[in-house]
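Q: Once you've had a glance at the structure underneath, I'll fire off some questions.
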Amino acid sequence: MSGDKPIELPSEAELAEMSRDELVRLGTKMDGVELVHYEERFPVPGTRAERRAERIVALWFVVSALSGLAFLGVFLFWPWQYEAPHTDGHLLHVLYNPLIGLFLGLSVVALGVAALLYTKKFIPEELAVQQRHDGPSAQVDRATLVAELADAGERSGIARRSLIKRTAGLGAGVLGLGVAAVPLGALIKNPHADSETKNSLWHTGWKAEKGEKVYLRRHTGNFHEVSLVRPEDVEPGGFETVFPFRESEREDDHALVAALKRADAPVMLIRMRPNQAVTKRSGQEDFNYGDLYAYSKICTHLGCPTSLFEQQTGLLLCPCHQSQFDVFEYAKPRFGPATRPLPQLPITVDEDGYLVARSDFIEAVGPAFWERKS
Ligand code: FES
């Protein structure tokens with residue numbers, strides 16, 4: 002911006018002829034900037050002190066790059082799957098989160114330290130005073146500003162410090178890769194590769210395998226305890242969250258815990274009150290067992306647990322964005338951003354009186370995804 006004192010401005014032709022130094026001086030003068038103090042950090046280039054400072058800055062950039070690489074390595078290859086306590090893989094499992102946090106944090110901090118050190122050690126000491134002015138910038142101001150910025154870049158000395166330039170590029174590049182790996186990580190493994198297994202987006206932990214019965218199991222707080230559910234366990238108007246259980250998993254600590262931790266496993270078992278009128282979804286008229294209805298707990302908006310049940314109104318509330326689902330009408334959304342009903346799990350009772358799933362859900366649970374048509 003131009004200063005208050007009238008300054009004789011160059012013509013457009015003169016402006017085009019001016020060198021960068023002349024433009025810098027003109028811009029400084031027009032901005033009413035007074036340079037009070039200016040001093041190069043290393044007036045004599047190439048001294049031992051300068052080279053040592055350069056190596057220290059480069060070292061921090063290298064630390065940033067190595068930490069970024071370590072983060073990428075842990076994120077992509079570390080065994081992150083749950084392993085029960087007292088098993089071989091448990092220690093590796095519990096180290097996963099601390100390690101990705103440690104390496105990502107170290108990479109960011111080292112990059113910041115390197116930038117700070119560079120500023121402290123190489124950017125010339127300068128004290129300038131400038132008056133403030135109002136109004137928009139004229140074309141001449143913009144031209145001089147660009148020249149000043151280019152000049153500042155040159156004075157910073159970064160152009161001639163190839164070691165710092167390269168290591169800075171390395172550090173920032175690896176950190177950028179690490180940051181990009183987080184959203185892209187899920188795409189590296191094709192989530193639809195095994196679309197017929199319970200590990201695909203199309204199926205859940207309720208899918209029967211080798212004809213084995215899948216029971217409804219409550220979570221007692223003890224990951225290794227198996228507590229199966231009978232119809233009489235749920236009071237009219239009551240609600241219980243249940244998870245899948247197979248008899249073959251009874252002695253398998255790992256499978257018992259994994260079933261409780263699967264994102265698609267939680268199901269809400271709801272008992273309607275006697276004589277409560279319920280509208281069933283077309284084609285799913287026999288999915289309930291008497292007054293008992295089982296719905297996926299995973300919100301069809303963005304996948305939060307829809308845990309709040311209001312038995313008087315029959316509304317299930319998702320606390321994340323307040324979607325409400327009406328269990329008196331096949332868990333259809335009544336309010337909020339969710340647009341699809343909660344999927345219903347077909348249930349029945351086996352010969353011993355325990356509740357079991359008749360099959361997996363007949364549609365994908367949770368939020369929509371690209372390949373999903375409905
Ligand atoms: S995740 Fe349930 S309303 Fe958004």
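According to the working numbering, the sequence shown is numbered sequentially starting from 2.
All residues carry an ideal CB built from backbone N, CA and C; glycine is no exception.
Predicted model, so just to flag it, every value in this text is computed and none were measured.
1) With distances taken Cα to Cα, identify the nearest neighbour of L93 among L103, G102 and Q82.
2) Three-state secondary structure (DSSP) at V34?
3) Which two residues bound the contiguous alpha helix (DSSP H) that contains Y97?
4) What are the boundary residues of the alpha helix (DSSP H) that includes V258?
5) Could you tell me if V1 is buried or exposed, where buried requires 16 or more neighbouring beta carbons within 10 angstroms of its beta carbon?
6) State the Cα-Cα distance for the pair N223 and L261, rounded to the nearest angstrom.
7) Is it buried or exposed, H302, if we count other Cβ atoms within 10 angstroms and call 16 or more buried?
8) Using the beta carbon as the reference atom, which residues fall closer than 7 angstroms to any heavy atom of the ligand FES, ordered along the chain?
9) What ranges does the beta strand (DSSP E) occupy inside the segment 271-309, keeping only unbroken runs of at least 3 residues that lie completely in it?
10) Looking at the unbroken alpha helix (DSSP H) that takes in L16, where does it start and where does it end?
11) Go to R49, then tell me how far its alpha helix (DSSP H) extends in each direction, as first and last residue.
12) Using a Cβ-based criterion (distance less than 8 angstroms to any ligand heavy atom), does P306 qualify as near the ligand COA?
13) Reducing DSSP to helix, strand and coil, say where T340 ends up.
14) Sort out for me which residues DSSP pairs T242 with in a bridge.
15) Helix, strand or coil for L150? Go by DSSP, reduced to three states.
16) Skipping 5 residues on each side, what residues in its chain have a beta carbon closer than 8 angstroms to that of F240?
17) In this structure, how does DSSP classify K333 when only helix, strand and coil are distinguished?
18) Using three-state DSSP, classify Q82 as helix, strand or coil.
19) Less than 8 angstroms between the CB atoms is what I'm expecting for G174 and S108, so what's the real figure, rounded?
20) Which of the three DSSP states is assigned to D22 in this structure?
21) Across which residues does DSSP place Q345 in a beta bridge pair?
22) In the DSSP output, what is Y216 paired with across the bridge?
23) How big is the Cα-Cα spacing for I101 and D89?
24) Is the distance from the Cβ of E149 to the Cβ of L24 below 9 angstroms?
25) Under DSSP, the beta strand (DSSP E) around A129 begins and ends at which residues?
26) Does DSSP put E40 in a helix, a strand or coil?
27) Using alpha carbons as the reference points, say which of V227, P306 and A151 lies closest to S20.
28) Hey, is the segment 26-36 in contact with the segment 122-130, meaning 3+ C-beta pairs nearer than 8 angstroms?
29) For V357 and P338, what's the separation of their Cα atoms in angstroms?
30) Would you check if the distance between the CB atom of A85 and the CB atom of H255 is smaller than 9 angstroms?
31) Pick helix, strand or coil for E311, following the three-state DSSP scheme.
32) Mapping the DSSP letters down to three states, classify G4 as helix, strand or coil.
A: Taking the definition as stated:
1) By 1-based counting over the sequence shown, the position of residue 93 is 92. If we check each option's Cα against that of L93, Q82 comes out closest.
2) To locate residue 34, count along the sequence shown from 1; it is residue 33. Of the three classes helix, strand and coil, the one that applies to V34 here is strand, per DSSP.
3) Indexing the sequence shown from 1 puts residue 97 at position 96. Taken as a continuous stretch (DSSP letters only), the alpha helix (DSSP H) holding Y97 covers H91 to F123.
4) Taking the sequence shown and counting its residues from 1, one reaches residue 258 at position 257. Note, V258: alpha helix (DSSP H), D254 to K262.
5) Coverage of the chain is limited to positions 2 through 375, which leaves residue 1 absent and any answer about it impossible.
6) In the sequence shown, counting from the first residue as 1, residue 223 sits at position 222. In the sequence shown, counting from the first residue as 1, residue 261 sits at position 260. Approximately 10 angstroms between the Cα atoms of the pair.
7) Numbered from 1 along the sequence shown, position 301 holds the residue referred to as residue 302. By the neighbour-count rule (16 or more Cβ atoms within 10 Å), H302 is buried.
8) C300, H302, L303, G304, C305, T307, C319, C321, H322, Q323, S324, G337, P338 and A339
9) 293-297
10) Here residue 16 corresponds to residue number 15 of the sequence shown, with the count starting at 1. Unbroken alpha helix (DSSP H) run through L16: E13 to E18.
11) On the sequence shown, residue 49 is found 48 positions in, with the first residue counted as 1. From DSSP, the alpha helix (DSSP H) with R49 extends over R49 to F78.
12) This structure does not include the ligand COA; its bound ligands are the ligand FES.
13) Within the sequence shown, the letter at position 339 stands for residue 340. Reduced to three states, the DSSP call for T340 is coil.
14) Numbered from its first residue, the sequence shown carries residue 242 at position 241. Per DSSP, M269.
15) To locate residue 150, count along the sequence shown from 1; it is residue 149. The answer is helix: DSSP assigns L150 an H, G or I state.
16) The residue labelled residue 240 in the question sits at position 239 within the sequence shown. Correct list, in chain order: M269, L270, I271, R272, F310 and Q312.
17) The residue given as residue 333 occupies position 332 in the sequence shown. It is a strand residue.
18) Translated into positions along the sequence shown, residue 82 becomes position 81. Residue state, collapsed to three classes: coil.
19) In the sequence shown, residue 174 corresponds to position 173, counting from 1. In the sequence shown, residue 108 corresponds to position 107, counting from 1. About 11 angstroms; that fails the 8 angstroms criterion.
20) Locating residue 22 in the sequence shown gives position 21, where the first residue counts as 1. Of the three classes helix, strand and coil, the one that applies to D22 here is helix, per DSSP.
21) For the purposes of this step, residue 345 is taken as residue 344 along the sequence shown, with counting starting at 1. Paired residue(s): Y296.
22) Translated into positions along the sequence shown, residue 216 becomes position 215. The partner list for Y216 (beta bridge, DSSP) reads F246 and V357.
23) Looking up residue 101 in the sequence shown gives position 100. Looking up residue 89 in the sequence shown gives position 88. Approximately 21 angstroms between the Cα atoms of the pair.
24) Walking along the sequence shown from the start, residue 149 turns up at place 148. Walking along the sequence shown from the start, residue 24 turns up at place 23. Going by C-beta atoms, E149 is nearer than 9 angstroms to L24.
25) Residue mapping note: residue 129 aligns to position 128 of the sequence shown, counting from 1. Start and end: E126 to Q131.
26) Locating residue 40 in the sequence shown gives position 39, counting from the first residue. The answer is strand: DSSP assigns E40 an E or B state.
27) Locating residue 20 in the sequence shown gives position 19, counting from the first residue. Closest option to S20, Cα to Cα, is A151.
28) yes
29) Counting from one through the sequence shown, the residue named residue 357 turns up at place 356. Counting from one through the sequence shown, the residue named residue 338 turns up at place 337. Each residue's alpha carbon lies about 32 angstroms from the other.
30) Locating residue 85 in the sequence shown gives position 84, counting from the first residue. Locating residue 255 in the sequence shown gives position 254, counting from the first residue. Their beta carbons are under 9 angstroms apart, which means A85 touches H255 by this criterion.
31) In the sequence shown, the residue the question calls residue 311 occupies position 310. E311 falls in the strand class under three-state DSSP.
32) The residue given as residue 4 occupies position 3 in the sequence shown. Residue placement at G4 is poorly supported in this model, since its pLDDT is 46, which falls under 50; the coordinates are not used for a value here.
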